[in-house]
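Colleague: Take this structure, written in structure tokens, and hold onto it; I'll ask about it next.
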Amino acid sequence: MAKIFPTLENIERLKVKPTEGEQFLINYLIENLDEQAEIYFQPFVNGDMPDIILIQKNIGVTIIEVKDWNLNLYKIDEKNNWYLRQNNALLKSPFQQVYSYKNNLFNLHINGLLEEKIKNPQFYGRIQTYVYFHKESKREVQNFYDKQLSHYKELENKYHNNLKYKKISVDSCNKQLDYLKQKKSKIQRDLNYSIGNDILYKIKLPNADDKKIFKELIYLEFKRYLQPPYHVLEQGKELTYTKKQERLSISADEHKKIKGVAGSGKTVVLAKRAVNAHKRYNERVLILTYNLTLKSYIHDKISDVRENFSWGNFYITNYHQFVNQLLNNLGIKVEIPDTVEDKSLYFEKNYYSNIKLFENYKDEIPKYHSIFIDEIQDYLPEWIKIIRAFFLEENGEMVLFGDEKQNIYERELDVEKKPKIVQGFGRWEQLNKSIRHQGDGGRVLDLAKKFQKVFFIDKYEIDNYENEPTTPSLNLGIYKIANYSENLEEIVESIGKEIKRNNIHPNDVAILCSKIEMLKEIDFIFRKKFNEKTLTTFETKEMAEQKPQEVNNIRKKKKIGFNLNNGMLKISTIHSFKGYEASTIFLIIDEYDNAEMIYAGLTRSKFDIMVFTKKDSNYNEFFTTHLEKVNI
């Protein structure tokens, strides 16, 4: 008998009980799978909730979507789109759902999976997918697809006849047949992995693999998501909270917004309050960011909290990924017409910012007692309205955290020069003490305050710090500015010299810039010319050239897996490093950077800062006035 998680007893206690088909399949799998196999019912894989996942060490994984559907109520077209016959409503097919679950495992969730796929294309087959139609037999499933397959056969005959009577050229005929073959193969593929109630034996794990390419490390990584580890009090750190941080960390049924100066510990408060909220309700807490890279940072801050809790109770993701996963979980078909020129704008208007998008799914959407949103200055007001209207329990807790001076995307501000968000969150609570810039690090605070007075005076309210900035010391560590040309090797050599001269460990260094192409070249020079190991939030120059089709997926994985304490030199965009900190920051300013972008970059430093600008930069005079000028 196979092992089932959670136990059958706990499955019976779930708020949402298994459907008839899910219960039937669970019982069948327990009795018929190998005893080494593990069955997971509706596992929460950081937002994705497939119906059933099977896994076995050294073998692989199978994902199953279960539908108690009467297929007579549905139809498909020549593009394999699914429709409800009653009103011709377009649906996301169950196969698109299960394929999305599979692709998210590779591109978002499981560390190492994408890398194994790139190294060995056969690895992709170690993750299988099926759709089980509980109320249909093999013959009934076949009949559902037969009409469309017959249509393709008729078209093939038509093209062959046109060729025979010379109504079409050989090249044109072959192009049409190739197109049909692609479309037909997708429908045939779906048919092959459609399981009726009389052929359950076809649901299985991948065949045994002599090469064992499904490595133990990958298996353990899956287990970490499928059975989240338990965090015990002793794993946390002895943190000292200010009185205001302590007060704002108390979980309560309220709507609140919290702002703070750079380095004031907003994320520390968020983490502590999230743990307190979980302990108060004993339910999952939703934590949303804008920056995908911050997911790892927030996880680390929660880990610092000295409390007992299971990691499965914290859903940490960014807004766009949250919506994407929910669209898939609900089976909402996402379509962008071919005539649309700006697809990003269309998607934003019709999905991410569409207040009515989830109106018909209120009863199916998971609700949360506590929702925390970081980087609120990067959010659009519509996103907040959507989250509050559809995902927050009535009289629940929703807290927004932000800093308008890091408004790098230049979102619209309200009359108080704060991020423009919906009403109902009260007045801003403020954290005015910088925890990041203590002692000698106060010179970065001094630089930040002077920067505000020059570039933000007519745009934002200037910060009032509880701790006074330290008088700058130019002979202590790195506090410099240099002008650079198009020769990026000069920048790399200069950074290398400063690191060696000041005996700085690479783990304490971050190189920031707003332009990925420039950073990719800098990363390449560090690795190839100076043999320096690096950690980036983007793909390497070589990988971009070798696997251009995988660039977006690699970049997502790089952001999700970004970790400050890995011993390596960090190279990141300012966008992705926002929220993080490092003892030493090398900030490369592009001529098109706005003041918010530069402010976000320089305030990442805890102590050392070196700025690189062009001679004709609008910011050159300011930094030359306040930092030591050096030549490179």
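Following my numbering, the numbering of the sequence shown begins with 3 at its first residue and continues without gaps. Beta carbons are placed, not taken as given, at the ideal position from N, Cα and C, and that holds for glycine. Note that the structure is predicted; figures quoted are calculated from it, not measured.
Under a Cβ-count criterion, where at least 16 other Cβ atoms within 10 Å of its own Cβ denotes burial, should methionine 599 be classed as buried or exposed?
Modeller: Flag for methionine 599 reads buried.
Colleague: Does the segment 584–596 come within contact of the segment 526–542, defined as at least 3 CB pairs closer than 8 Å?
Modeller: Touching, no, given that fewer than three Cβ pairs across the two stretches are closer than 8 Å.
Colleague: Using the Cα positions of proline 368 and glutamine 38, report the straight-line distance between them to the nearest angstrom.
Modeller: In a straight line, the C-alpha of proline 368 is about 33 Å away from that of glutamine 38.
Colleague: Use the C-beta contact count for leucine 16: other C-beta atoms within 10 angstroms, 16 or more gives buried, fewer gives exposed.
Modeller: Result: exposed.
Colleague: For threonine 627, which three-state DSSP category applies?
Modeller: Helix, per DSSP.
Colleague: Would glycine 404 and isoleucine 437 qualify as a contact pair, given that the criterion is a beta-carbon distance under 8 Å?
Modeller: No, these two residues do not count as a Cβ contact at 8 Å.
Colleague: In its own chain, which residues sit with a C-beta less than 8 Å from the C-beta of tyrosine 85, not counting the 5 before and 5 after it?
Modeller: Only Tyr76, Lys77, Ile78, Asp79, Ala91, Leu92, Leu93 meet the Cβ criterion.
Colleague: Do you know how far the Cα of glutamine 98 is from the Cα of tyrosine 147?
Modeller: Answer to the nearest angstrom: the Cα atoms are 16 Å apart.
Colleague: Thinking glutamate 40 and isoleucine 61 are a contact (beta carbons under 8 Å), I'd like their distance in whole angstroms, please.
Modeller: Actually they are not in contact, since the Cβ atoms of glutamate 40 and isoleucine 61 sit about 11 Å apart, beyond 8 Å.
Colleague: Where asparagine 72 and asparagine 331 are concerned, what is the direct C-alpha to C-alpha distance, given to the nearest angstrom?
Modeller: Computed Cα separation, rounded: 20 Å.
Colleague: What whole-angstrom Cβ distance do isoleucine 13 and phenylalanine 43 have, given they're in contact under 8 Å?
Modeller: Rounded, the Cβ-Cβ distance is 6 Å, consistent with contact.
Colleague: Do lysine 351 and phenylalanine 392 have their beta-carbon atoms positioned less than 8 Å apart in this structure?
Modeller: No, these two residues do not count as a Cβ contact at 8 Å.
Colleague: Entirely within the segment 330–380 and at least 3 residues each: give me those beta strand (DSSP E) ranges in chain order.
Modeller: The qualifying runs are 370–375.
Colleague: Exposed or buried, valine 401, counting other C-beta atoms within 10 Å across all chains shown (16 or more means buried)?
Modeller: By the neighbour-count rule (16 or more Cβ atoms within 10 Å), valine 401 is buried.
Colleague: Run through the segment 47–79 for me and flag every whole beta strand (DSSP E) of 3 or more residues, listed as ranges in chain order.
Modeller: The qualifying runs are 54–58, 62–69, 76–78.
Colleague: Compare the beta carbon distance of tyrosine 353 and valine 342 with 8 Å and say whether it is the shorter of the two.
Modeller: The answer is no: Cβ separation not under 8 Å.
Colleague: Rounded to whole angstroms, how far is the Cβ of isoleucine 480 from the Cβ of isoleucine 611, which I believe are closer than 8 Å?
Modeller: Rounded, the Cβ-Cβ distance is 7 Å, consistent with contact.
Colleague: Going residue by residue through the segment 76–106, where are the continuous beta strand (DSSP E) segments of at least 3 residues, counting only ones entirely within it?
Modeller: The segment 76–106 contains these whole beta strand (DSSP E) runs: 76–78, 84–86, 91–93.
Colleague: For tyrosine 203, collect the residues of the same chain with a Cβ closer than 8 Å to its Cβ; drop the 5 residues on either side in sequence, then sort them by chain order.
Modeller: Around tyrosine 203: Asn34.
Colleague: Measuring only the C-alpha atoms, how far is glutamate 636 from valine 63?
Modeller: Missing from the structure shown is residue 636; the chain here goes from 3 to 634 and no further.
Colleague: What would DSSP say about tyrosine 132, mapped onto helix, strand or coil?
Modeller: Note: tyrosine 132 maps to strand in three-state DSSP.
Colleague: DSSP three-state label for serine 265, please.
Modeller: Contrary to the premise, residue 265 reads as glycine rather than serine in this sequence. Residue state, collapsed to three classes: coil.
Colleague: Checking contacts by CB at 8 Å: is glycine 428 closer than that to chain B?
Modeller: Going by chain labels, chain B is absent from the structure shown, which holds only one protein chain.
Colleague: With a threshold of 6 Å on Cβ separation, who are the neighbours of asparagine 82 within its own chain once the five nearest residues in sequence on each side are excluded?
Modeller: Result list for asparagine 82: Lys188, Ile189, in chain order.
Colleague: Among Tyr299, Gly498, Ser174, whose alpha-carbon lies nearest the alpha-carbon of asparagine 567?
Modeller: Cα-wise, what sits closest to asparagine 567 is Tyr299.
Colleague: What residues in its chain sit with their C-beta under 8 Å from that of leucine 27, if we drop five residues either side in the sequence?
Modeller: Excluding positions up to five away in sequence, the list reads Ile54, Ile66, Val68, Tyr134, His136, Leu202, Ile205.
Colleague: Which ranges does the alpha helix (DSSP H) cover as unbroken runs of at least 4 residues, wholly within the segment 538–567, from first to last along the chain?
Modeller: Segments of the alpha helix (DSSP H) lying fully in the segment 538–567: 543–548, 553–562.
Colleague: Excluding the five sequence neighbours on either side, which residues of its own chain have a C-beta within less than 7 Å of the C-beta of glutamine 150, listed in chain order?
Modeller: Excluding residues within five positions, the ones whose Cβ falls inside 7 Å are Ile78, Glu80, Ile189.
Colleague: Since histidine 482 is in the beta strand (DSSP E), which residue starts that stretch and which ends it?
Modeller: A small correction: the amino acid at residue 482 is lysine; histidine does not occupy that position in the sequence shown. Taken as a continuous stretch (DSSP letters only), the beta strand (DSSP E) holding lysine 482 covers 481–485.
Colleague: Suppose you measure from the CA of lysine 261 to the CA of tryptophan 430; what does that come to, to the nearest Å?
Modeller: Each residue's alpha carbon lies about 6 Å from the other.
Colleague: Quick one: residues in its chain with C-beta nearer than 6 Å to the C-beta of tyrosine 103, no 5 flanking neighbours on either side, listed in chain order?
Modeller: Same-chain partners within the cutoff: Asp50, Pro52, Ile65.
Colleague: Kindly indicate which residue of Gly426, Ser305, Glu399 has the alpha-carbon position closest to the one of glycine 238.
Modeller: Considering only alpha carbons, the answer is Ser305.
Colleague: Confirm, please, whether the CB-CB distance from phenylalanine 625 to valine 456 is below 8 Å.
Modeller: Their beta carbons are not under 8 Å apart, which means valine 456 does not touch phenylalanine 625 by this criterion.
Colleague: Quick check on alanine 584: does DSSP put it in helix, strand or coil?
Modeller: Looking at alanine 584 - three-state DSSP - the assignment turns out to be strand.
Colleague: On the premise that asparagine 555 lies in contact with asparagine 109, defined as a C-beta separation below 8 Å, what is that separation, rounded to the nearest angstrom?
Modeller: At roughly 4 Å, the Cβ-Cβ gap stays under 8 Å, so asparagine 109 and asparagine 555 are in contact.
Colleague: In terms of DSSP beta bridges, what is tyrosine 42 paired with?
Modeller: DSSP lists Phe7, Ile55 as partners of tyrosine 42.
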